[in-house]
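First comes the structure, then the notes that go with it.
Number of protein chains: 2
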Amino acid sequence: MSQLKGACIIGQSGGPTSVINASAYGAIKTALESDCITKVLGARHGIKGVLDDDLIDMGKEDPKELEMMKFTPSSALGSCRYKLKDPDEDDTDYKRILEIFKKYDVRYFFYNGGNDSMDTCNKISKFMLKNGYECRVMGIPKTIDNDLAGTDHCPGFASAAKYIATSVMEVYCDAHVYDTGMITIIECMGRHAGWLTAAAALAGVKGCGPDLIYLPEVDFDLDDFTKKVKDIYEQNKNCIVAVSEGIHDKDGTFIAEYANKNMAKDSFGHAQLGGLAAFLANHVKQATGAKVRGIELSLLQRCAAHCASQTDIDESFMAGKAAVENAVNGVTDKMVGFEREMVDGKYTCKIKLFDLSIVANTEKKVPRQWINNEGDGITDGFIDYALPLIQGQTKMTVEDGLPRFVHLKKVKAEA
Amino acid sequence: MSQLKGACIIGQSGGPTSVINASAYGAIKTALESDCITKVLGARHGIKGVLDDDLIDMGKEDPKELEMMKFTPSSALGSCRYKLKDPDEDDTDYKRILEIFKKYDVRYFFYNGGNDSMDTCNKISKFMLKNGYECRVMGIPKTIDNDLAGTDHCPGFASAAKYIATSVMEVYCDAHVYDTGMITIIECMGRHAGWLTAAAALAGVKGCGPDLIYLPEVDFDLDDFTKKVKDIYEQNKNCIVAVSEGIHDKDGTFIAEYANKNMAKDSFGHAQLGGLAAFLANHVKQATGAKVRGIELSLLQRCAAHCASQTDIDESFMAGKAAVENAVNGVTDKMVGFEREMVDGKYTCKIKLFDLSIVANTEKKVPRQWINNEGDGITDGFIDYALPLIQGQTKMTVEDGLPRFVHLKKVKAEA
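Residue numbers (numbering that gives the first Met the number 0), protein chains in the order written: chain A, 0 to 414; chain B, 0 to 414.
Here it is, written out as structure tokens:
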């Protein structure tokens, strides 16, 4: 083991989750306690904070206050969706990152994000290696989408899944209150992977699940869907459907696009989806004449820290902690991930390291065998996979009847 | 005190809340323990269950299971929006109700609902009196809208308020994560009274409140709103707005109607609102070019039992209990309500009885002095009023990481 002394930078990137700060806190706390790490710097708004020399000194924060990060949703350090160019085409950003690393003697870089962030990690790591600058780079995953390759599951998924399953149960109670009948369409996030929408099926464990569940893993047929909803409604006077925002027809056209042909795209070229629940609700209303509600879980599903899974919080913290411990022990160019072990039928979760190059820019989808043959429901395989992850209620501090989120001083770092 | 022996019927009506079942449970439990009450009947789907002779025997339920009603959202007995005709015009329904009351020897009628339900109570009470049938009729209020006259507040409001304030805090964290700016429009329920939307201001107590809040109590001007959002966004690169579904212009036209001219109406003649957040989001996007999110809290705000206020649960139970106790003691034709008492600066809540005729069909609005002069924010008067109501986390049972809701056997009652 080669001992490497120097500062570290921790940055957060991509869309928020309920527990991304638990991971950042795991990394910050462990780094602050490490003998090798001389200074712990937080990058404001991810890699942009490095490029802009906008770094804060985490050592200046009150330790008790810092602990509140564990229960604060969204990215406390700020996030970005900045995509680094290919260094072979334009290395301006990389040169600037190296300059900042040198300025603060940064020898450890921890980046907390999704697929794109692992790609950022990978490129930075390779550039530093090529330029002979010793720096250990570790990716700490987060994504409600649960679509990172390798790892059994991703920090952030379970809390969103717990919120979705809980909300579906509550909506189920609400939607069954009248004897006059109702159809409810619940839209969950997930462009290409249906993990979150599949989580709606967990409500079925308590007898309050959706009748139909549609994921982007299977082509969606509007006529077939409409017929099924109509049949179920006619039989039960009620029908609850969960759909992924990213469901698409056999030609690959998003169903949300049926309603809106001119969609904006974000800086990664992802189509900006939305309005699917309203579109399907209106379509089904025309076809059935029933009372129909379209419910979009929107941002709520990724930031509902009050309904977070304590298992997810603990594992997210553990991921951040493991990233620092491994880096200090000489590991670099890896993403920290999870491996599941069933001991006497009981779920346990262990840290496993994955090559950044494998993780970056690949998406893990819901296996076809966890979707039923008809493509409109979820099998027990998924339930067995997901149920252990949503156990435990958040130990969040409550003040004035409301969540107590972290307040950081954000003291500007000095070189 | 005149002792009156006989059966009782408990019914639930109107839109669900997170705690309407806590009230019903308070009434059912107290009635089951009462010497005067010979049988406790639950009406399925409110007054329709009486008309259809669709009654269940609450005494046949397992007492431990029944207790789960305290933490189960929506109406466990089923609800309706059936409006009784004026008995002077058509007394068919009333005659049928009397017939059923006689069949089961019903001497106590407890109705758990909002304004329309208190009107139903009032009409039934008067009809029974006129026909010389001794029956004590008590209204047990519920409404997330908090718009019932007389009572300090309504069971159900506080839990919805807690959910809204919590969600606004979480969305605040999410919306401030990027440095690229964002405008968020959050739509809360409330056709004519803005209590729920005002609850968004509670998030401000924790530093995560909306920049602008619009209630139906004040006329809404789209141009003025757009200018304010634009100004705030230009200054802070961020703007969060909470709006009531029922905001309207000075001519009384709902802003939601701007988007949809042909709205359906429910059986009470209420316009079916919706899509306001999406309309305003789109409008503001056109005007600013900013990234804009419209979030409709939809059914979630009225059924999110996992985020219920334990104060609300306890008070709701107390309301149901008090209705039975008072009826057994000879009281009739009243609604159970709340009176607030501040003892050494500490909030306490006492039961107070109100005439049904006063409560029925009047709406209590947010006092003008609790809305700022500009009509775009909430004053401390409201915060002082609402904050004590949202205290305490639900003591709900959690199983498999998910809420444990009641499962009733629903055994058909025998006469």
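Yeah, the Cβ is synthetic: ideal placement off N, Cα and C, and Gly gets one too. Quantities reported herein were computed from a predicted structural model and do not represent experimental measurements.
- Among the residues facing chain B, residue 285/A is not included, as its CB has no counterpart in that chain under 9 angstroms away.
- DSSP places residue 347/B in the strand class (E or B) of the three-state scheme.
- At least one CB atom of chain B sits nearer than 9 angstroms to the CB of residue 204/A.
- Boundaries of the beta strand (DSSP E) around residue 111/A: 105 to 112.
- Within the model, the alpha-carbon separation for residue 285/B versus residue 257/B is close to 15 angstroms.
- Here residue 413/A carries a coil assignment [DSSP, helix/strand/coil].
- For residue 68/A, the nearest beta carbon of chain B is not closer than 9 angstroms to its own beta carbon.
- Per DSSP, the unbroken alpha helix (DSSP H) holding residue 23/A starts and ends at 19 to 32.
- Rounded to the nearest whole angstrom, the C-alpha separation of residue 28/A and residue 278/A is 46 angstroms.
- Note on geometry: alpha-carbon atoms of residue 8/A and residue 87/A lie some 24 angstroms from one another.
- Three or more beta-carbon pairs separated by less than 8 angstroms link the stretch 172 to 179 of chain A to the stretch 69 to 77 of chain B, which places the two stretches in contact.
- Residue nearest to residue 414/B within the set 52/B, 380/B, 142/B is 52/B (criterion: CA-CA distance).
- When the five nearest sequence neighbours on each side are left out, the beta carbons in the same chain lying within less than 7 angstroms of the beta carbon of residue 59/A are those of 408, 410, in order along the chain.
- In the three-state scheme derived from DSSP, where H, G and I count as helix and E and B as strand, residue 6/A is classed as strand.
- Exclusion of the five residues before and after residue 315/A leaves 18, 21, 22, 154 as the residues of its chain whose Cβ lies within less than 6 angstroms of its Cβ.
- Considering only beta carbons, the part of the stretch 63 to 92 of chain B lying closer than 9 angstroms to chain A consists of 71, 72, 73, 74, 75, 77, 78, 79, 80, in chain order.
- In the DSSP assignment, residue 185/A falls outside any alpha helix (DSSP H) and within the unbroken beta strand (DSSP E) covering 181 to 187.
- For residue 165/A, the residues of chain B that pass the 7 angstroms Cβ criterion are 305, 401, 402, in the order they occur in the chain.
- Not a single CB atom of chain B sits nearer than 9 angstroms to the CB of residue 113/A.
- Under a 10 Å Cβ-count criterion, residue 367/B is classified as exposed, with fewer than 16 other Cβ atoms of the shown protein chains found around its own Cβ.
- An exposed status is given to residue 62/B, since fewer than 16 other beta-carbon atoms sit within 10 Å of its beta-carbon.
- Collapsing the DSSP output to three states places residue 373/B in coil.
- Residue contact with chain A for residue 183/B: present (Cβ-Cβ distance below 9 angstroms to some residue of chain A).
- Around residue 15/A, the beta-carbon contacts reaching into chain B at under 8 angstroms are 172, 173, 176.
- Taken through DSSP and simplified to helix, strand or coil, residue 143/A comes out as coil.
- Not flagged as an interface residue toward chain B: residue 241/A, since no C-beta distance is shorter than 9 angstroms.
- Residue contact with chain A for residue 308/B: present (Cβ-Cβ distance below 9 angstroms to some residue of chain A).
- Closest in C-alpha terms to residue 339/A, from the list 66/A, 24/A, 150/A, 46/A, comes 150/A.
- Contacts with chain A at 9 angstroms (Cβ-Cβ) do not include residue 21/B.
- Chain A has no Cβ within less than 9 angstroms of the Cβ of residue 60/B.
- Taking the CA atoms as reference points, residue 334/B sits about 14 angstroms from residue 123/B.
- Note that the C-beta distance between residue 180/A and residue 215/A is not below 9 angstroms.
- At least one beta carbon of chain A lies nearer than 9 angstroms to the beta carbon of residue 391/B.
- Linking residue 41/B to residue 65/B through their CA atoms gives a straight-line distance of about 12 angstroms.
- If you draw a straight line from the Cα of residue 354/A to the Cα of residue 330/A, it is about 11 angstroms long.
- 9 angstroms or more divides the Cβ of residue 197/A from the Cβ of residue 167/A.
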